[in-house]
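Residue numbers for the sequence shown follow the working numbering, beginning at 30 and rising by one. In this text, a Cβ means the ideal position worked out from N, Cα and C, and glycines have one as well.
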Amino acid sequence: MDKSLDNKEYFQTQPALEQGTSTEYHELARKYSSVRYETCTRLLLTTPDSKMQSLGEMCTWLPLPGAIPQFADRWVDPALSFAVGWNSWYYCVITLCAEIAAVSVVIQYWEGAQGVNVAVWITILIVLVACINLFAVSVYGEVEFYFAGIKVVAIVGLILLAFLIDVGATGQGRIGFRYWKCPGAMKEYVATGDFGRFLGFFSTLVNAAFSFGGIETVAVAGGEAKNPRRNIPKAVRRVFWRILFFYVLGALAVGVLVPHNDEKLLSAQANGSKGAAASPWVIAITHAKIKVLPSIINAVILSSASSAANAMTFNGSRYLFALSKNGQAPKIFQKCNKSGTAYYCHLFAFIPLMLCQQQRSLHVVPEPRYTVITLHLVLYLPHLRQVSQRSQGPGHR
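As structure tokens, then:
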């Protein structure tokens, strides 16, 4: 593996708002309640932060490509390494399929793209992602740097716009927190009353946890970063603030502007609207009678889904490389080209793309939601064992 990720590129390998799945945020905001999603995201914020602190400490001490399966093998047990490594790889490739399928749907928001067979868009993205990841890791880092720049500018602009709409600066009157009173902040789900609100909260909690999948890219890429002892701690410390600002504040902003019983929101859900047409951000902007922005937001969603597909390919190939180093995958996956890229790992990650279909979300394959929640929990074990061994001496097992 090639250690060519410089500071600028490495700090942008942890996507904010788009990892997990980029379309998940918009789907949950439509199906449940943006306010509830914001509450669940806030509740879960401490989990990824503590997870990243654990991974950051291990990666700073021992930066390895793929990292997580190798940490489990070194400090816990080869069986845990096998389970964590292959489940992480499975999560990455299934999410990759979902993101590529999502791109083919999101792009149909524009009328000019609706007459093109979805297989064309899927093929184009597969080729682009494959080419980016087959070059040196610095190429991947550079691409993610620009993707991240687009998303940061977009979400900052949307949050500022949400504030202006909320206080009535667009001429449509002040909104304030009126929708938290009528129809209310919590939407009933499956059942009615308090029990229905609890089921809605719990369902959103599971989906919100899934959206945090992928933040461990910092640890996965740590073995290929320049000066990891300096850069990994910096990147880890930024995770908390990125989630707090981009995820929590973004969900709060859209939850204030759009009630869960909004006619356009319900219509978009019932009609299976594509891309920005189903986004609560676009609905809020439409109510404020602002034009042009919906197409810009759709372009941002498109870039986010493409970035997530790119990141999942990167992560999946590194997990497979680490498994091969541990003797838990064929040795052929250790072969690298002159750029330091394990090309067989990348090619193997694209085999499950046969599962790509024209689907709007990952609900067609729900298992990764629970896979990523389990992985969130088991990743603490290697850190606990590492701390135990360091405190009791190198001879302790």
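With H, G and I counted as helix, E and B as strand and the rest as coil, what does DSSP make of residue i?
| i | result |
| --- | --- |
| Gln388 | Note that Gln388 has pLDDT 46, beneath the 50 cutoff, so the model's placement of it is unreliable and the number below is only indicative. Looking at Gln388 - three-state DSSP - the assignment turns out to be coil, as it is neither helix nor strand. |
| Ala254 | strand |
| Glu173 | helix |
| Gln421 | helix |
| Ser335 | helix |
| Asp195 | helix |
| Gly356 | coil |
| Ala148 | helix |
| His289 | coil |
| Ile482 | With the chain covering 30 to 426 only, the question about residue 482 has no answer from this structure. |
| Lys216 | coil |
| Trp90 | helix |
| Trp139 | coil |
| Asn366 | coil |
| Lys180 | helix |
| Ile319 | coil |
| Ala58 | Low confidence applies here, because Ala58 scores a pLDDT of 48, under 50, leaving its location unreliable; read the following figure in that light. The answer is helix: DSSP assigns Ala58 an H, G or I state. |
| Phe164 | coil |
| Thr403 | helix |
| Arg266 | helix |
| Leu228 | helix |
| Gly345 | helix |
| Leu154 | helix |
Here's the rule I'm using: 16 or more other beta-carbon atoms within 10 Å means buried, otherwise exposed. How should residue i be labelled?
| i | result |
| --- | --- |
| His412 | buried |
| Gln421 | exposed |
| Phe176 | buried |
| Gly202 | exposed |
| Thr403 | exposed |
| Leu408 | buried |
| Pro92 | buried |
| Phe100 | buried |
| Gly85 | buried |
| Cys121 | buried |
| Gln415 | buried |
| Ala299 | exposed |
| Arg226 | buried |
| Trp118 | buried |
| Lys320 | exposed |
| Ser336 | buried |
| Glu467 | Outside the modelled stretch of the chain, which goes from 30 to 426, sits residue 467, for which no answer is possible. |
Shortest alpha-carbon distance to residue i belongs to which of the options?
| i | options | result |
| --- | --- | --- |
| Thr370 | Thr342, Ile123 and Ala131 | Thr342 |
| Cys126 | Phe164, Phe379, Leu410 and Arg414 | Phe379 |
| Ser310 | Ile361, Asn256 and Asp195 | In the sequence as displayed, the identity of residue 310 is Trp instead of Ser. Considering only alpha carbons, the answer is Asp195. |
| Asp106 | Ile361, His375, Lys360 and Asn355 | Asn355 |
| Lys318 | Asn162, Ala198, Val172 and Val249 | Ala198 |
| Lys216 | Ile204, Phe230, Gly205 and Phe206 | Phe230 |
| Leu163 | Gly213, Glu173 and Asn366 | Asn366 |
| Ala250 | Val329, Asp291 and Ala351 | Ala351 |
Am I right that residue i and residue j are in contact with their C-beta atoms under 8 Å? What's the rounded C-beta distance?
| i | j | result |
| --- | --- | --- |
| Trp104 | Gln357 | Incorrect: roughly 16 Å between the Cβ atoms, too far for contact. |
| Trp115 | Ser133 | In fact, because the Cβ distance is near 28 Å, the residues do not count as touching under 8 Å. |
| Ala339 | Val158 | It is Asn, not Ala, that sits at residue 339 in the sequence shown. Right, their Cβ atoms sit about 5 Å apart. |
| Thr89 | Arg258 | 6 Å |
| Glu128 | Ala307 | That belief does not hold up - the Cβ atoms of Glu128 and Ala307 are roughly 16 Å apart, past 8 Å. |
Could you tell me whether the region 344-355 touches the region 93-105, where touching means 3 or more Cβ pairs closer than 8 Å? yes
Touching by the beta-carbon criterion (3+ pairs, under 8 Å), the region 269-289 and the region 142-156: no
Between the region 318-331 and the region 107-114, can you find at least three pairs of beta-carbon atoms closer than 8 Å? no
Whether or not the region 279-289 and the region 184-191 are in contact is what I'm after, with contact meaning three or more pairs of Cβ atoms, one per stretch, closer than 8 Å; do they touch? yes
Counting pairs of Cβ atoms below 8 Å between the region 284-297 and the region 309-316, do you hit three or more? yes
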